[in-house]
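Asker: Structure incoming, see below.
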Amino acid sequence: MRKHLKRFWVFYFLVVLLLCIPVFLSEEIEYIIWAISSVLIISIYFFIDIFIQNKREKKLKEEKLVSELQLLKAQINPHFFFNTLNNLYGLTINKSDKAPELVLKLSEMMRYTIYKGREDFVSIEDEINYIKAYISLQKIRLKKKVDIIFTQDIINPKTKIAPLLFIILVENAFKHGVEKTINKGYVKIELLESLEKIQFSVVNNYVQQAIQDGKNKGVGIQNLNKRLQLIYPNQHSISVKRDDKNYKVFLQINKR
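Note that the sequence shown covers residues -9 to 246 in the working numbering.
What follows is the structure in structure tokens.
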């Protein structure tokens, strides 16, 4: 309100001042010069005012974007952390020999999540190693045999990408797919890099109830969609396909 009031009084002052000047002008040429000058002065004033306003709004949007991303990143850590701790709890109750190795893998992953997760971008190689660590952790934890295939076709290991995007899709494949299946589970993960795009897909078998549960509790996917919209606006696509047996998520990101 104050900002608009201030603009009004500045504009009012300029108009009054410019209206009073012609009283002191006697020649027609002077009046023409005055008229042109008046238009220029008012135009310049509003141009500068609009420029400053746009700059201020852009800064506020950038600050809001940073705040939203920090909040979303903060939600990733406890989401994965609590899920894995729950698994570790089950192993310790059963006095499993796998518990110590699981603790080591968990600490390795949490170190990456906490420190690398703070960065705006990491190398695609780091993300690949993180997914491999997660797969190793799942092999230790799962009681049943699961076929897990992870293939990568990368042009440049140092290609930059926002951290912790892929892991949400991989985690969902295990949580809502493999863990719910009665028969042997499988997960196929594929990461491809071209000159312009990065493509990531996850295919797993599933049961219908698991998909319904995932829709009701899909905090991770909601988080992923929000981050993609903030970091890669109009530069990404994500799709889901499923039949009676397979559930596939496909993510494509334009390289920056």
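Beta carbons are placed, not taken as given, at the ideal position from N, Cα and C, and that holds for glycine.
(1) Measure how close the beta-carbons of S191 and K238 come, nearest whole angstrom, since I'm counting them as under 8 angstroms.
(2) Would you check if there are 3 or more beta carbon pairs closer than 8 angstroms linking the region 104 to 120 to the region 151 to 164?
(3) Do M247 and A123 have their C-beta atoms within less than 8 angstroms of each other?
(4) For F111, which three-state DSSP category applies?
(5) Drop a sphere of 10 angstroms on the beta-carbon of K207, count the other beta-carbons inside from all chains shown, and report buried for 16 or more, exposed for fewer.
(6) Here's the rule: buried if 16 or more other CB atoms are within 10 angstroms of the residue's CB, otherwise exposed. What is F37?
(7) Should N213 and I157 be called a contact, given that it needs their Cβ atoms to be closer than 8 angstroms?
(8) So the candidates are I114, N76, K129; which of them puts its Cα closest to the Cα of K88?
(9) For G175, list the residues DSSP reports as bridge partners.
(10) According to DSSP, simplified to helix, strand and coil, what is S86?
(11) What are the residues that DSSP puts in a beta bridge with T141?
(12) Do I114 and I144 come within 8 angstroms of each other at the CB atom, strictly closer than that value?
(13) Decide if the region 161 to 178 is in contact with the region 131 to 138; the criterion is three or more beta carbon pairs, one per stretch, under 8 angstroms apart.
(14) For L94, count neighbouring Cβ atoms within 10 angstroms of its own Cβ and tell me buried if that reaches 16, exposed if not.
(15) Can the beta-carbon of V197 be found closer than 8 angstroms to that of K170?
(16) How big is the Cα-Cα spacing for Y35 and K245?
(17) In three-state DSSP terms, what is G165?
(18) Who pairs with F72 in a beta bridge, going by DSSP?
(19) For N315, tell me which candidate among R131, I42, F72, N119 has the shortest Cα-Cα distance.
(20) What is the DSSP secondary structure of R232, counted as helix, strand or coil?
Answerer: Taking the structure as given:
(1) Correct: roughly 6 angstroms between the Cβ atoms.
(2) With a cut-off of 8 angstroms, the region 151 to 164 and the region 104 to 120 count as touching, because enough Cβ pairs lie within range.
(3) What the structure shows of the chain is the stretch from -9 to 246, and residue 247 is not part of that stretch, so it cannot be assessed.
(4) In this structure, F111 counts as coil in the three-state DSSP scheme.
(5) Its pLDDT being 48, under 50, K207 is placed unreliably by the model, and nothing is read from it.
(6) Its Cβ having fewer than 16 others within 10 Å, F37 is exposed.
(7) Cβ distance not < 8 angstroms, so N213 and I157 don't count as in contact.
(8) Minimum Cα distance to K88 is reached at K129.
(9) G175 has V136 as its beta-bridge partners, per DSSP.
(10) If DSSP states are grouped into helix, strand and coil, S86 belongs with coil.
(11) Note: T141 sits in a beta bridge opposite E180.
(12) A Cβ-Cβ contact shorter than 8 angstroms links I144 with I114.
(13) Counting Cβ pairs under 8 angstroms, three or more are found: they touch.
(14) With fewer than 16 other Cβ atoms within 10 Å, it is exposed.
(15) When the beta-carbon positions are compared, V197 and K170 come within less than 8 angstroms of each other.
(16) One Cα belongs to Y35, the other to K245, and the distance between them is close to 41 angstroms.
(17) Position check: residue 165 holds Lys in this sequence, whereas Gly was assumed. Note: K165 maps to helix in three-state DSSP.
(18) In the DSSP secondary-structure assignment, F72 is not bridged to any residue.
(19) Because the chain is modelled from -9 through 246, residue 315 falls outside the range shown and cannot be assessed.
(20) Three-state DSSP puts R232 in a strand.
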